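A short write-up of the structure that comes next.
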Amino acid sequence: MRPQQSVNPDLNFNRQAIRQNYLADEYEVIHSLIADAQLSQAEREAISARAADLVRSVRKNARPTIMEKFLAEYGLTTKEGVALMCLAEALLRVPDNLTIHDLIEDKITSGNWGAHVGKAQSGMINTATMALLMTSNLLKDSERQSVGETLRKLVKRMGEPVVRTVAGQAMKEMGRQFVLGRDIEEAQDRGEAQVQRGYTYSYDMLGEAARTDADAVRYFNAYSNAIDSIAKNCQGDVRTNPGISVKLSALHARYEYGNRDRVMKELAPRALELAKKAARANMGFNIDAEEQDRLDLSLDVIEAVLSDPELAGWNGFGIVVQAFGKRSAQTLNWLYALSEKLDRRIMVRLVKGAYWDAEIKRAQVMGLSDFPVFTRKACSDVSYLACAKQLLGMTDRIYPQFATHNAHSVSAVLELAKDLDRSAFEFQRLHGMGESLHDQVIADSGVPCRIYAPVGAHSDLLAYLVRRLLENGANSSFVNQIVDTRITPEEIAKDPIDAVNALGENISSKAIVRPEKLFGDQRRNSKGWDITDPVTIAEVEQGRGQYREFRWKGGPVMAVDSSSDNMVEVRNPANPDDLVGEITFASEADVSAALDAASEGFKSWSSVPAEERAAIIRRVGDLYEENAHELFALTTREAGKSLLDAVAEIREAVDFAMFYANEGVRYQNDGEARGVICCISPWNFPLAIFTGQILANLAAGNAVVAKPAEQTSLLAVRAAELMLEAGIPRAAMQLLPGTGATVGSALTSDPRVAGVCFTGSTATAQRINKVMTDNMDPDAPLVAETGGLNAMIVDSTALPEQVVRDVLASSFQSAGQRCSALRMLYVQKDIADHLLEMLYGAMEELGIGDPWLLSTDVGPVIDENARKKIVDHCNKFEAKGQLLKKLDVPQNGLFVSPAVLKVNGIEDMEEEIFGPVLHVATFEAKDIDKVVDAVNAKGYGLTFGVHSRVDRRIARITSRIKVGNTYVNRNQIGAIVGSQPFGGEGLSGTGPKAGGPHYVRRFMKGETISKPAQSSGKVLSADRVQKLIGKLDSLTAPQPQERQQILKPFFGDVPAPLDAGYEEMPGPTGEQNHLSDHARGVILCLGPDAESAMEQAATALSQGNKVVVIAPDVEKQAEGAVKAGLPIVAANGVLDPDALATLTGFEAVVSVAERSLLKQYREALAQRDGALLPIITEHKLDQRFVIERHLCVDTTAAGGNASLIAASE
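Heads up, the final residue of the sequence shown is numbered 1210 in this note's numbering, and it's a clean run with no missing numbers.
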């Protein structure tokens, strides 16, 4: 897909300049703008002096609005301000009383309202503060009972939920400050007074971007009706008429670069129809600016609309340009050239820009080379200044509209325009903001001012309201500063060019982490490819295009020659006619030969210093990036992945290389390598998981024999070739493509193998465990990451648009073929109908087909077996009348209809269905705990999601759910290495987490001892031990902070508790990533002698576990700890190994017995159904006694990143 070239060739230069500046260097851009602006020192001093006078005058005559006073008291630097912002964002959409009570309690009781009593400059705000304090105290007093009970008593006594009414009215009053009217007629009536004072209006129809076509049609009709209504007040000069502002994202559900063809065919005609209507009324019609990744596409739409001959002679077409973007000057040049070419006069509204925090986060998440926006407020102010001067030199074609509440910006415009006619430009302000400033400007200068006025129902106001609170609640905001008399007029009016020059070359904000530095100095972030950027896409298309019809050949990659000739064709799952290549599968003889070579390879590789191994492993990541275009093509054609998924795949593989290289160095003195490890990887992450397994083991010093999934072996071969190119010796890393029956079985049952690393189904992991037990050393690790029945809970405070976005990604991206994918959605009954209707509409907008195309969202499933299983499952539910939604799919290729099925709950699901199928159930708000219990009861524990604005509810749910990775107010796929370590518990895996701090260590051997089995002592039956386990039910572990002290009298020094807190993991702004360790549960400490059994108990107890200690003569040694009430029970004797097959209620076995007894223990454990339980032989290694859980919270879900904006410089 080539970048769209303008139909007007002389515009191309300016368009290319826009594209080249997307991620330009901040220092270079700003100093280029300063040079182009050519402002003399005298001009700059005059501007600042005029601005200071303006501030003084405004303060003298100020009548701050309620909103401005509110922001002065409750800014974003106060906890109370953030709480009120969250309350405002959610309260008005919650339909049920129980959740409203919980939400108000959550936000109001958390605040220190007493600190604000009597402080504000408004009696109304002081009264409101007192009401909040009283409400808060009332709720806090009642915590001795339950808060809900107190609220219920209040309702009973007063006849209605008073708190709800007061809070609801307060939110609506806040809304009235910002929203002119609930509909266009009311807005025009309310605005009449300002019109009489000389203001004009531009009306904006409130609402989020369209998620469905029904949304888009509704917004189109709202705009169309508004134009009809506004037209009645239009006469004469377009500059003095009211106007309307239109968001392109409201007119189409897929307004994004990958869907450019649809946008030009479907959105552009809608925009043109509205523009023609506005032209007939001779009113202003502004296209609003949106996210930076949509700028290029917006220019295509603007050019297509403005080129229509029917718009000739109309001067009201307008475009919004955001000065905080690094391409603003080039965009103005392009707009000027376009208006010249088409012989039009247009309007340009210059704004600072919105959603700055989201632009910062996106660049970090995507691993871009820089930010598309400036990182400092001063730089945005300089850009605004330079763009203002640029616009004032273009007034023959452009009518500039300067939208600002900043006295310096206003003064700069007036100074630069002092020789221009006052009617050649205008100022603009937001309704409810900057009133005093602009009243003063109109009075002093005679320059007209237009008010940008949002119109819409209270339910549509939330996102807009929170955005205003965020942008104007920051300390650095002019609106905030002008009310704060502690800041001098000169400070407020200081020249931003001076501020920028004072920074020297170190211009980027230190408060903002650059994308490549997201993980600090330890390792670089993987390179990202922005597939919304035309320049990037042109490079990718040219690069991967060379492999569009290429045919790869591959086979075993061994240190010796392969003896196999079993060649298999590989075909594209999206198109059976596309022959991707040929793969030769390994034979059993190859397996044996490879293992012999690996044993020798292990000796030499394990002796290479850890730092040298790390350098080679990092080189693998570099080579992946250098060969990315080929890997993109192969990932798409062999594995059926979209370009979006292919980019994520390569980035994850590179992140694994960089992370595990460091981990190998970190653990170099903590143990020794184990030997030859067998790595068995899946087809759904054919490069990332394949690479992660292998490189973690190589970092630990092991040799690897890898068996990739047979469906994606060509990709594995290409990756293996790059590993060898990086310098990994052939004997240290060998690849054996082939079937599970031939290669997998031979590898997992060979005594030369020292451990297995596996990702796949739970059933296969259990089979591997059994054959390992029969053939390998009893402490050979099996690190298995298996499936999940992953759920998400959505309560009535959640924002439906966000939920739908996250459910689509979690359920249907990658055709649902992710271990982490959402399978079971629980929606609170009160909002289910509305939410599901929006979900179905959004599903209709999904592109299903060839994953090579940028417009494809859902590609094929991997093979015919997978397709048939998914289709059979859906047919079964459809036959029972439980199919809620199904999409049409292409007939050619292995496509499955994305579907939504109705169930009662997770208990209706027998197994994981690995495809684009979502099961939905509803719940009552009061039953939310029961939902968590039901999810836990299934025994899986991989990923889990929750959408809610009630922090206490989130805390309760996340503390009770037993899963490895929990996600709050975001999707639940795409874990980032080293930021969100990934892996489950229970039926979902053994741990430790991939990309986490314990993973590499698991493939090493630490300090172990081996003691002979004890022949003395009676053999304890399973019944006896089961009773001992039962006794632990009533005992609790000491709290982490006091545990070492409590254990010391009985066990001496014990390890520090890993579960004492959480580790803050690195990650992008606007996201919390917490990794925590948790006790496994009940652990059987089996000695074999009393001394070792007590050492095992000490480590287990130190990590918060409960223990059963069994060894000859151990009761006496454990007596003190038992009497002290610690969670320990002891019995003299030895355990019958067979008892381990039937005992319940324990999570692990610890023993340092000789191999023959360990083998019996492992054999008994392998007979169990359910979760794979470990035998721990490193009995002093604390990390073996815990499980890891990760919590990821999107802290921007309530509307924006308060902390980042508050810290913005």
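Built from N, CA and C at the ideal position, the CB exists for glycine as well.
Quantities reported herein were computed from a predicted structural model and do not represent experimental measurements.
Would you say T637 and W684 are within 7 Å of each other, going by their C-beta atoms? No.
Cα separation between M724 and A747? Taking the straight line from one Cα to the other gives about 24 Å.
Thinking C-beta only, is P782 closer than 7 Å to G761? For G761 and P782, no; Cβs fall outside 7 Å.
Is DSSP giving V156 helix, strand or coil here? With a pLDDT of only 39 at V156, under the threshold of 50, the placement of this residue in the model should not be trusted; the figure read from the coordinates follows. Note: V156 maps to helix in three-state DSSP.
Residue nearest to A404 in terms of C-alpha spacing, selected from P852, G817, I651, I320: For A404, the closest C-alpha among the options P852, G817, I651, I320 is that of I320.
Would you check whether the ligand FMN has a heavy atom nearer than 6 Å to the C-beta of T740? Inclusion of the ligand FMN in the displayed structure is not the case, the ligand content being empty and no account of it being possible.
Which same chain residues, not among the five before or five after D289, have their C-beta less than 7 Å away from its C-beta? Result list for D289: S246, V247, K248, V321, in chain order.
List the residues that DSSP assigns as beta-bridge partners of F603. According to DSSP, F603 bridges with nothing at all.
Which of helix, strand or coil does DSSP assign to Y356? Three-state result, Y356: coil.
Do V1083 and A1098 have their beta-carbon atoms positioned less than 7 Å apart in this structure? Their beta carbons are not under 7 Å apart, which means A1098 does not touch V1083 by this criterion.
Considering M1095, what are the terminal residues of the alpha helix (DSSP H) in which it resides? Counting along the chain, the alpha helix (DSSP H) containing M1095 begins and ends at 1091-1103.
Identify every run of the beta strand (DSSP E) within the region 1116-1163, keeping only runs that are complete inside it and at least 3 residues long; order them along the chain. You should have 1129-1132, 1149-1151.
Assuming P899 and M844 make a contact with CB atoms under 8 Å, what is their CB distance in whole Å? For a cut-off of 8 Å, the C-beta gap from P899 to M844 is around 6 Å, short enough to register as a contact.
Close Cβ partners of I769 (< 7 Å) along its chain, the five nearest in sequence each way excluded: T749, V757, F759, L783, listed in sequence order.
Cutoff 6 Å; reference S607; Cβ partners in own chain excluding five residues on either side: A distance below 6 Å between beta-carbons, with the five flanking residues on each side excluded, links S607 to the following residues of its chain, in chain order: A674, G702.
Please look up how many angstroms separate the CB atoms of K1012 and T1100, rounded, as I've assumed it's under 8 Å. About 16 Å; that fails the 8 Å criterion.
Apart from the five residues on each side of it in sequence, which residues of its chain come closer than 6 Å, Cβ to Cβ, to W315? Correct list, in chain order: A280.
Please name the residue in D1114, T1197, L855, Y1162 whose C-alpha comes closest to that of Q1073. Nearest option by C-alpha distance: T1197.
Using the Cα positions of I303 and M284, report the straight-line distance between them to the nearest angstrom. In this model, I303 and M284 are separated by some 17 Å (Cα to Cα).
Quick one: grab the DSSP three-state call for M844. In the three-state reduction of the DSSP assignment, M844 falls in the helix class, which pools H, G and I.
Assign T749 to one of three DSSP states: helix, strand, or coil. Taken through DSSP and simplified to helix, strand or coil, T749 comes out as helix.
Below 8 Å CB to CB, which residues in the same chain sit around M159 once its five sequence neighbours on both sides are set aside? For M159, the pLDDT reaches just 41, beneath the cut-off of 50, and the residue's location in the model is therefore unreliable, although a value from the coordinates is still provided. Same-chain partners within the cutoff: there are none.
Determine contact between the region 813-830 and the region 1033-1047, defined as no fewer than three beta-carbon pairs at a distance below 8 Å. Segments in contact, no.
Tell me the DSSP secondary structure of K511 in three-state form. For K511, the secondary structure class from DSSP, reduced to helix, strand or coil, is coil.
Counting along the chain, where does the beta strand (DSSP E) carrying V918 start and finish? Per DSSP, V918 belongs to the beta strand (DSSP E) from 918-924.
Give the DSSP bridge partners of T760, in chain order. Here T760 is bridged, per DSSP, to E786.
C-alpha distance - D229 paired with I958, whole-angstrom precision: Rounded to the nearest angstrom, the two C-alpha atoms are 50 Å apart.
Output the distance between the C-alpha atoms of V1194 and Y1063, rounded to the nearest integer angstrom. Using only the alpha carbons, I get a separation of about 14 Å.
Beta-carbon within less than 6 Å of A704's beta-carbon, same chain only, minus the 5 sequence neighbours each way: which residues are those? Within the same chain, and ignoring the five residues on either side of A704 in sequence, the residues whose Cβ sits closer than 6 Å to its Cβ are A599, G602, F603, W606, V677, A733.
What is the DSSP secondary structure of E150, counted as helix, strand or coil? Per-residue confidence for E150 stands at a pLDDT of 46, beneath the threshold of 50, marking its modelled position as unreliable; no derived number is given.
Close-in-space but distant-in-sequence residues of the same chain around A689 (CB under 6 Å, 5 per side omitted): So the qualifying residues of the chain are E650, E653, A654.
To the nearest whole angstrom, what separates the beta carbons of K390 and L417, a pair I think is in contact under 8 Å? Contact flag correct, Cβ pair sits at about 5 Å.
Whole-angstrom distance between L790 and I101, CA atom to CA atom: C-alpha separation (whole angstroms): 30 Å.
In chain order, which beta strand (DSSP E) runs of at least 3 residues are fully inside the region 673-753? You should have 677-681, 704-708, 734-736.
Count the C-beta pairs between the region 425-440 and the region 451-463 that are closer than 8 Å, then say yes if the count reaches three, no if not. Taking 8 Å as the limit for Cβ pairs, the verdict is that the region 451-463 does touch the region 425-440.
Would you mind listing the beta strand (DSSP E) stretches within the region 248-292 that are 3+ residues and don't spill past its ends, in chain order? Within the region 248-292, the runs of beta strand (DSSP E) at least 3 residues long that lie entirely inside it are, in chain order, 285-288.
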